[in-house]
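*Asks:* Following numbering that gives the first Met the number 0, the numbering of the sequence shown begins with 0 at its first residue and continues without gaps.
Ideal placement from N, C-alpha and C gives every residue a C-beta, glycine not left out.
Pasting in a structure now, in structure tokens, and then I'll have a few things to ask.
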Amino acid sequence: MLIDVRTYRVKPGTLKAHMDLYAQYGKAPQTKHLGTPLAYLKTETGDPNEYVHMWVYENAGDREAKRAAMWADPDWLAYTKRSAELGALVKQDNRLMVPVDFFDFTPPA
Numbered sequence: 000m001l002i003d004v005r006t007y008r009v010k011p012g013t014l015k016a017h018m019d020l021y022a023q024y025g026k027a028p029q030t031k032h033l034g035t036p037l038a039y040l041k042t043e044t045g046d047p048n049e050y051v052h053m054w055v056y057e058n059a060g061d062r063e064a065k066r067a068a069m070w071a072d073p074d075w076l077a078y079t080k081r082s083a084e085l086g087a088l089v090k091q092d093n094r095l096m097v098p099v100d101f102f103d104f105t106p107p108a
């Protein structure tokens with residue numbers, strides 16, 4: 000199992016507009032290809048301009064295939080164009096992580 004932990008930072012004052020844009024245009028094509036995220040979170044304490052989402056994959060090949068299909072989807076490309084036009088994103092960090100063996104981890108179905 001592979002967990003893709005993605006942390007994004009947006010310009011101050013743009014988080015709501017960015018989230019609204021994703022909800023309207025990005026969520027459907029992304030979940031169509033990647034499934035339901037393990038988590039999609041905004042900051043409660045700390046940097047109010049950051050949010051995190053986590054996606055679960057069987058392995059690196061599964062991740063690569065699903066993301067390639069997403070990036071071939073015209074609806075996803077239209078969303079990313081709108082996101083670029085909004086200009087809210089400042090930084091993106093991605094980490095691929097695996098569960099430890101001493102805790103049982105079962106992702107939601």
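Within the same chain, show all residues whose beta-carbon is closer than 7 angstroms to that of Y24, passing over the 5 residues directly before and after it, in chain order.
*Replies:* Only A77, Y78, R81 meet the Cβ criterion.
*Asks:* Per DSSP, Q91 forms a beta bridge with which residues?
*Replies:* For Q91, which the question treats as bridged, DSSP gives the partners Y7.
*Asks:* Buried or exposed: L14, going by 16 or more other Cβ atoms within 10 Å of its Cβ?
*Replies:* Classification of L14: buried, given that the 10 Å Cβ count is 16 or more.
*Asks:* On a CA-only basis, which of A67, G86, F101, E63 is nearest I2? Give me that one, please.
*Replies:* Looking at the Cα atoms, E63 is the closest of the given residues.
*Asks:* Give the secondary structure of L40 by DSSP, where H, G and I count as helix, E and B as strand, and everything else as coil.
*Replies:* Residue state, collapsed to three classes: strand.
*Asks:* Is it a yes or a no for the region 42-56 touching the region 2-12, going by three-plus beta-carbon pairs under 8 angstroms?
*Replies:* In short, these stretches touch, since the Cβ pair count reaches three.
*Asks:* D19 to G60, Cα distance in whole Å?
*Replies:* Roughly 31 angstroms between the two C-alpha positions.
*Asks:* Based on the DSSP output, what are the partners of W54 in its beta bridges?
*Replies:* In DSSP, W54 forms a bridge with D3.
*Asks:* Output needed for P106: all residues of its chain with C-beta closer than 7 angstroms, excluding positions within five of it in sequence on either side, in chain order.
*Replies:* Closer than 7 angstroms at the Cβ level, and outside the excluded window around P106, lie L37, V55.
*Asks:* With distances taken Cα to Cα, identify the nearest neighbour of T30 among P98, E84, H52, T44.
*Replies:* Closest by alpha carbon: H52.
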